[in-house]
Amino acid sequence: MKPFSHTVRISPSSSFTLMKAVNVLLLLTLVLVVTAITVPPAGLYITLREDSILSVGNKMGLEIADTANQMKFPDVSGSASDGITYTLSNFKVLMELEDFSYSASPPIFTTTWNKYNFVMQFNYHVCKHLIVESEGVNEEEGEILTVCENGFIDIYTIGGHTSSLSIAANVDISGDTIKLTGDSAKLTFSQG
Numbered sequence: 001m002k003p004f005s006h007t008v009r010i011s012p013s014s015s016f017t018l019m020k021a022v023n024v025l026l027l028l029t030l031v032l033v034v035t036a037i038t039v040p041p042a043g044l045y046i047t048l049r050e051d052s053i054l055s056v057g058n059k060m061g062l063e064i065a066d067t068a069n070q071m072k073f074p075d076v077s078g079s080a081s082d083g084i085t086y087t088l089s090n091f092k093v094l095m096e097l098e099d100f101s102y103s104a105s106p107p108i109f110t111t112t113w114n115k116y117n118f119v120m121q122f123n124y125h126v127c128k129h130l131i132v133e134s135e136g137v138n139e140e141e142g143e144i145l146t147v148c149e150n151g152f153i154d155i156y157t158i159g160g161h162t163s164s165l166s167i168a169a170n171v172d173i174s175g176d177t178i179k180l181t182g183d184s185a186k187l188t189f190s191q192g
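Per the numbering used here, residue 1 is the first one in the sequence shown, and the count goes up by one each step.
Written out as structure tokens, the structure reads:
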């Protein structure tokens, strides 16, 4: 049996053009590259594009901030043995999480928002109850004088100074379900 052979004659009148030759070379290169790739063991593999991860992270930052900004906080009241009473009330929070980044060092996956800005405002009302002694009257029978102060306290980040929020989680995919366990949370402020 005669081995298969085929000769292509390239000439100006031939229908075989230079573009076809380049296409054939590209196809042969692709076949050689594909056959040289090592195929991993059987299983389900998921590849996520970095721009997709960053997009999801930025959207997640918006959702976290929106949730925090809509939270209602209860008033906090208390007293001390020296006659001081206090009430902290009307908590308001405005938070922004921007500039998402991530890193992975399995099994730890760390998400970071490199621009973390917030304002927290609340009202304070503090009173000191004093017993004023009068001449000839002992302390237990004295007049009670109450001195109070109230106002607002603002806690906030300042423009031009950066702060970031990082959350690290342990991701376990060894079981039937993915298990996510918080590892650490870190709030970092630049020196101002």
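Note that beta-carbon positions come from the ideal geometry of N, C-alpha and C, so glycine has one too.
Residue i versus residue j: straight-line alpha-carbon distance, rounded
| i | j | result |
| --- | --- | --- |
| D99 | S55 | 10 Å |
| K179 | N170 | 8 Å |
| E274 | K128 | Past the edges of the chain, shown from 1 to 192, lies residue 274, and the structure says nothing about it. |
| V119 | V147 | 29 Å |
| L165 | V126 | 32 Å |
| M71 | T157 | 19 Å |
| G203 | A65 | In the structure as shown, the chain begins at 1 and stops at 192. Residue 203 is therefore absent and cannot be evaluated. |
| G175 | F109 | 18 Å |
| G57 | D51 | 10 Å |
| F189 | N114 | 10 Å |
| I173 | N117 | 33 Å |
| I144 | V132 | 6 Å |
Residue i, enclosing alpha helix (DSSP H) - first and last residue
| i | result |
| --- | --- |
| M60 | 50-70 |
Assumed close pair residue i, residue j - CB separation to whole angstroms, cut-off 8 Å
| i | j | result |
| --- | --- | --- |
| Y102 | I53 | 6 Å |
Test item: CB-CB of residue i and residue j under 8 Å
| i | j | result |
| --- | --- | --- |
| S89 | F122 | yes |
| L97 | G151 | no |
| N69 | L94 | yes |
Secondary structure of residue i, DSSP reduced to three states
| i | result |
| --- | --- |
| A185 | strand |
| G78 | strand |
| A168 | strand |
| I131 | strand |
| I178 | coil |
| S163 | strand |
| F109 | strand |
| S190 | coil |
| M1 | Here the model assigns M1 a pLDDT of 44, short of 50, so the residue's position is not dependable, and the following value carries that caveat. It is coil, neither helix nor strand. |
Extent of the continuous beta strand (DSSP E) to which residue i belongs
| i | result |
| --- | --- |
| A42 | From DSSP, A42 is part of no beta strand (DSSP E); its letter is neither H nor E. |
| S103 | 84-105 |
| F152 | 143-156 |
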